[in-house]
Structure formats: structure tokens, C-alpha cells
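Trainee: Take this structure first; my questions come after.
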Amino acid sequence: MNIIRTKDLSLFYGSFQALRDINLNIPEREITALIGPSGCGKSTFLRTLNRMNDLIPGVKITGQITCHGEDIYAHGTDPIALRKQVGMVFQKPNPFPMSIFDNIAYGPKLHESLSKPDMADLVERSLRGAALWDEVKDRLKKSALSLSGGQQQRLCIARALSVSPDVLLMDEPTSALDPASTMKIEELMGRLKQNYTVVIVTHNMQQAARISDRTAFFLTGDLVETGRTDEVFSMPRDKRTEDYITGRFG
Amino acid sequence: MKTKTIIEQTMKTTFFLCGMLTIVITFGIAVYMVISGIPAIREIGLSDFLFGQVWNPTGAEPQFGILPFILTSVYATLGAIAIGVPIGLATAIFLAKVAPPKVAAAVNTAVELLAGIPSVVYGFVGMIVLVPLVMNVFNLRNGATLFSAILVLSIMILPGIINVSRTALAAVPREYEEASYALGATKVETICKVSVPAAKSGIAAGIVLGIGRAVGETMAVILVAGNVANMPELFGSVRSLTMAIAGEMSYATGFHRNVLFSIGLVLFVFILLINLTLNLILKRGGAKR
Ligand SMILES: Nc1ncnc2c1ncn2[C@@H]1O[C@H](COP(=O)(O)OP(=O)(O)OP(=O)(O)O)[C@@H](O)[C@H]1O
Ligand SMILES: [Mg+2]
């Protein structure tokens, strides 16, 4: 089952074309890795999936993206509802300058009014979902900025989980972290895919090979190759893919 | 090589002396205010001075109670803050987060102009336009009132509040706002729940700056507040601390003159407290990051 499909998706920043006719299917409850050299449009593509590019003036999009079969750029589609369904984790951990508890409660409070115990429940569930609960359960009222970088990133994952999305978009979520924290987050992603569809951008080939089920290789705005990760890495069909994953350029 | 070190030394000394000069001047003024302000307060008695309700320096039995002035300054400032802060903050939000660049530039120019207008011009325009308007709208005999002073002051403190708050809002890391949008927040929700709280120490600094400006303002209020030493009423003519000094300094002699210095000292303490608050706010904001 493909949860997200893009059809001839192109994106322009003003007159600069950053994505060219992208056709990509993202299967449900799998991890899809987006790889490619810097500036090839991975982040841009990721941000079209939850319409974060709407916030940038001068962006023009053609083609089609469907999520659960519905065109997300169709007239009258609500980007707010979409972003609730398609959550996002950023490259640099970006917890709000609030308490750990309030960071998690922020999203749910936007969408529904929960009783205190229900909210506490939801916060605990989200933190457990991001494998952070045991480390922070005694300091929920402390500032989120007092956490380590790796903990902050898991907090951001928990925050994304708090509004019960179906899809999690992650833009190089471990590139600012040390190896131990990276390991933790990779383990976590293995568990997350039982309940969520994950799309992750990464520059780390081993990471892509380790954790993802499918891999898509981007190059200067084109989707060059996509397929099952083991196949893409063991016998790439395109010469450029092979060059990239063997480290010959990029 | 040698001339270079000499120039280097001379410049260093010059900078140092200039730095020292500001300290010496500030300190000198403070000492002067205390020395010339204390004796009259001693003679009147601190509580009679601060809490006395009657100001009659030239009567047969002169009275020197400055409570009317203190309260006028406090009320005028609070009133100006109550009106100026919401408008200023909303303008700052508009400039930093909402307005398209061209509109923002135009509004900015207007704000800068507003900041550059001399206070006597505010007072003058207030006197010609606002005072008669207040008189007619509220059906008063005299439009030169505390209310008019509050209106003029709230406009005068706008540019400071706008500029400082806008800078603070613009400095809120984009990542915070993106995180909020990515959770399905609207623009208004993001501004109110993320941007403004994250900029709160800067915004508070802007407000304190506005308070300082309002407390210290003299010329504009002289022209619109009526200048009568009554206990303040919203629609009555009033006199503030600054007005009392500026209005009477030209003819006061002897003990009366000394009391004006004492008023100056009170004002000085006010401003000192305000600046301390400001420093505290800025330091706390800085420490968090
Ligand atoms: N807001 C923007 N305005 C104009 N051009 C942009 C903008 N954002 C990105 N671009 C351009 O679009 C292209 C793709 O950028 P994108 O950030 O998607 O690359 P990326 O693959 O994520 O790179 P990296 O691996 O370095 O993160 C780049 O050439 C970039 O310069
Ligand atoms: Mg990127």
C-alpha cells in the first residue's frame, strides 16, 4: 500500500527549478530513505509532502501529490490538517524554549482540549514512543533546552508523535548528533515503522543501508533511481547511483 | 615601529579617557543631585515631602507635598503604557512577521520619523489639535488634562516599543516557528504561542524603555496637561514631576529652589530603578540562551 504518491512533481523557487518531474511512491509502514549530494533537492522534496514550502514566498509547484489518495495541493485542502497527519523532525533539534512537558503538549493543545490527566497520559505515551520517557520522567517541568542534543532530538520526535500523525518526515535527524545518540535514534526508527510511515533524508550511506526499506536517489532535482534498499545498494541500475553510493562523488 | 607604538598608546589612552569621562559625568550628576536634594527633604521630612498632598511653595506658610506630582507621573506613565504597549506590540508583530517587505519598509520609515520628532512638536500639536478635541468630546471646560497627556505620551513611546520588540521578534529562531507550523499550528497560533513568548525579554525591555521615556518626558506634557498641582484626576488638569521642575525653576529662589532639586532627586531615583529593571530583564534574557 502506498500512502503517498507523487506524479510529475516539479518545484520552482522563483525561476529556479529545484525538482523535476518526480514520480515516487512511498509505501505505508516502511522507511524510505532519500539520498543524494548536497543541493539536489532532498529537503525541498520532503517539505512538499507536508506543504512546509508554502511558507516560502515565490515557490511554485506543478504536478500532483496524493496522501491517502487525496490531492494535498488541491484547491480547498487544509494544510493544517495535512501537517497534523504528516509530522516533521528537523535537522537541528529545535525544541521550543519551554518545559519538556509543554513541548509535547503544544501540538495536542492546538487541536483539542484535553483534561489534565488525559494530557499527562498523552505526554507520557509520546515520550515513551520516542524512547525518552525513562530519562525525563522526573524532570518534565524542566526546560527542554537543558537536555542533551540527542535527547532534544528524541523530544522533537515525541513532539511530532503527540498529534498522532501517519507519516513522519525526518530531514537528516542525526547529522547534528554523536554516534551513541545516532544509534538510539536509529533503533527508535526501527520501532516507529511498526506504526508510522517514515521518510528520512540522510547523507550517511551506512545509515540508509542499515535502517531503510526503500531508497530514492536524487541528483540535481531529478529522481534518478528508486527501489528496495538492498537492491539499490547491491546492484544499482544507474551508473550515477553506483558512483554516488560507492563514494566516487558527492 | 616606534611611531606605531606611540600612536597605539595615544589612541588607547584617548579611548580610556573618553570611557572614564562618561562615568565621571554620570557619577558627578548623581552626587550633585544627592547633595543638593537631601537638605530640603531633611527639613520638610521625607514622608511630608513624598506624601504631602499640598504644593504651595509661595504661600505665607509654604507647603511642599509632592504626592500630586508623583501620582501624576505614575498615572500618566501607566496610562501611556496601557495604550502604547498593545498598539506598539501589534505593530512590531506586523512588521516582523506579517507585512510584505515593501509595506514593512514604508511603515518603518513612518516609525523612524515618529521617533525623530522633537517632543515640543508633539506638545504643540497636542495643544492645538488634541486638547480642544478632548474638551469637545468629553464636554469639559478645559481639555488640558491627564487624559490628554496620556494620549500624547502613548504616541511618543510607540517608536521605542516598536523598534525594540520588532528586533526581538525578528531574532526568534526560524526553527521554532517551523516546528510550530509542522505541528499544524496556524500563523496566529504560532505568533502568539511561540514567537512572542520567545521574544518576551526583548519585548519587556521595550516596555521598560517606554516607561523611562514617559516618566522623563517634560516638554510635551507641559503643553497638554494643564499644569495645575492638583491630586490627579483623569479629566482634570495635572502637573507631573518633570513639569514641576521645569515650570518653576525659572523663578524659584531660596528654599523653594532647593525643593525643586529634591524633586529632581526623586525623578533620578525613579529612572535609576527603571534602568535597573531593564538591566535585570536583559541579563535574564541573555542568560537563558
Ligand atoms: N528558499 C529557497 N529559495 C531559493 N532556492 C532554494 C531555497 N531552498 C533551497 N533552494 C535551492 O534548491 C536546491 C535544493 O535545495 P535543498 O535544500 O532541497 O537541497 P538538499 O538536497 O536538501 O541539500 P542538503 O543535502 O545540503 O541539505 C538548492 O540548489 C538550493 O540552493
Ligand atoms: Mg537538506
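Here the protein sequences come in this chain order: C and P. Numbering-wise (my numbering), the first sequence opens with residue 30 and increments by one. Numbering-wise (my numbering), the second sequence opens with residue 112 and increments by one. No residue lacks a Cβ here, since even glycine has one placed at the ideal position from N, Cα and C.
1) Could you tell me if lysine 71/C is buried or exposed, where buried requires 16 or more neighbouring beta carbons within 10 angstroms of its beta carbon?
2) Mapping the DSSP letters down to three states, classify proline 56/C as helix, strand or coil.
3) CB-CB under 8 Å to leucine 178/P, same chain, minus the five flanking residues each way: which ones, in chain order?
4) Quick one: does the C-beta of valine 88/C sit closer than 7 Å to a heavy atom of ligand 2?
5) Output the distance between the C-alpha atoms of glycine 254/P and glycine 321/P, rounded to the nearest integer angstrom.
6) Please check the pair valine 380/P and serine 351/P, which I expect to be a contact at CB under 8 Å, by giving their CB distance rounded to whole angstroms.
7) Give me, in chain order, the residues of the same chain whose beta-carbon lies closer than 6 Å to that of glycine 199/P; leave out the 5 immediate sequence neighbours on both sides.
8) According to DSSP, is isoleucine 118/P helix, strand or coil?
9) Could you tell me the distance, in whole angstroms, from the CA atom of aspartate 207/C to the CA atom of tyrosine 102/C?
10) Spell out whether any CB of chain C is found under 8 Å from the CB atom of isoleucine 392/P.
11) Can you tell me which of the three DSSP states glycine 130/P falls into?
12) For threonine 270/C, report the span of its beta strand (DSSP E) as first-last.
13) If we require 4 or more residues per run, which alpha helix (DSSP H) segments fall completely within the segment 250 to 332 of chain P?
14) Measure the C-alpha to C-alpha separation of arginine 112/C and threonine 125/P and round it to an integer number of angstroms.
15) Quick one: what's got a C-beta closer than 8 Å to leucine 151/C's C-beta in the same chain, skipping five residues either side?
16) Using only the alpha-carbon positions, how far apart do glutamate 286/P and glycine 92/C sit?
17) Mind listing the chain D neighbours of lysine 113/C? Cutoff is C-beta to C-beta under 7 Å, in chain order.
18) Between which two residues does the beta strand (DSSP E) containing tyrosine 42/C stretch?
19) Per DSSP, what are the beta-bridge partners of glutamine 181/C in this structure?
20) Nearer than 7 Å: is that true of the beta carbon of lysine 71/C relative to any heavy atom of ligand 1?
21) Using the beta-carbon of each residue, which ones in chain P are nearer than 7 Å to leucine 139/C?
22) Taking serine 39/C as the reference, which of Leu48/C, Leu63/C, Arg243/C, Ile33/C has the closest Cα?
23) Do the CB positions of threonine 244/C and alanine 237/C come within less than 8 Å of each other?
24) Ligand 1 and serine 67/C: does the residue's C-beta get closer than 7 Å to at least one heavy atom of that ligand?
25) Could you name the residues that DSSP lists as bridge partners for phenylalanine 246/C?
26) Output the residue ranges of the alpha helix (DSSP H) runs that lie fully inside the segment 178 to 217 of chain C and measure 4 residues or longer, sorted by chain position.
27) Is glycine 195/P helix, strand or coil by DSSP?
28) 8 Å is my cut-off, CB to CB: does methionine 144/P come that close to chain C?
29) For the alpha helix (DSSP H) holding valine 232/P, just list the boundary residues, first then last.
30) Tell me whether the segment 281 to 297 of chain P and the segment 140 to 157 of chain P touch, counting them as touching only if at least three CB pairs, one residue from each stretch, are closer than 8 Å.
31) I'd like to know if alanine 201/P contacts chain C, where contact means its C-beta is closer than 8 Å to some C-beta of that chain.
32) Can you check which of these residues, Leu280/P, Phe138/P, Leu189/P, Ala315/P, is closest to isoleucine 392/P by C-alpha distance?
33) In terms of alpha-carbon separation, which member of Arg277/P, Arg324/P, Ile117/P lies closest to isoleucine 302/P?
34) Taking the alpha-carbon positions, what's the serine 291/P to valine 305/P distance?
35) Does ligand 1 have a heavy atom nearer than 7 Å to the CB of isoleucine 85/C?
36) If you drop the 5 nearest sequence neighbours on each side, which residues of the same chain put their C-beta closer than 6 Å to that of serine 263/C?
Mentor: Well, looking at it:
1) buried
2) In this structure, proline 56/C counts as strand in the three-state DSSP scheme.
3) Leu161, Phe162, Gly163, Gln164, Met342
4) No, ligand 2 has no heavy atom inside 7 Å of this Cβ.
5) Going from the Cα of glycine 254/P to the Cα of glycine 321/P covers about 25 Å.
6) That pair is no contact at about 15 Å.
7) Leu269, Ile272, Ile273
8) In the structure shown, isoleucine 118/P adopts helical secondary structure according to DSSP, grouped into three states.
9) 38 Å
10) no
11) Helix at glycine 130/P.
12) Note, threonine 270/C: premise wrong, no beta strand (DSSP E); alpha helix (DSSP H) at 268 to 274.
13) 257 to 267, 269 to 281, 285 to 293, 298 to 301, 311 to 327
14) 60 Å
15) Ile133, Ala134, Pro137, Leu143, Ser191
16) 28 Å
17) Here chain D cannot be found, since the structure's protein chains are C and P.
18) Run containing tyrosine 42/C: 31 to 42, per the beta strand (DSSP E) assignment.
19) In the DSSP output, where bridge partners are listed per residue, glutamine 181/C has none listed.
20) Under cutoff, so the answer is yes.
21) Leu294, Gly295, Ala296, Glu300
22) Leu48/C
23) yes
24) yes
25) Ile64/C, Glu254/C
26) 178 to 190
27) helix
28) Among the CB atoms of chain C, none fall inside 8 Å of the CB of methionine 144/P.
29) 230 to 236
30) no
31) no
32) Ala315/P
33) Answer by Cα proximity: Arg277/P.
34) Their backbone Cα atoms lie some 7 Å apart in a straight line.
35) Using a cutoff of 7 Å, the CB of isoleucine 85/C counts as near ligand 1, since one of the ligand's heavy atoms is closer than that.
36) Setting aside the 5 residues that flank it on each side, serine 263/C has no residue in the same chain whose C-beta is closer than 6 Å to its C-beta.
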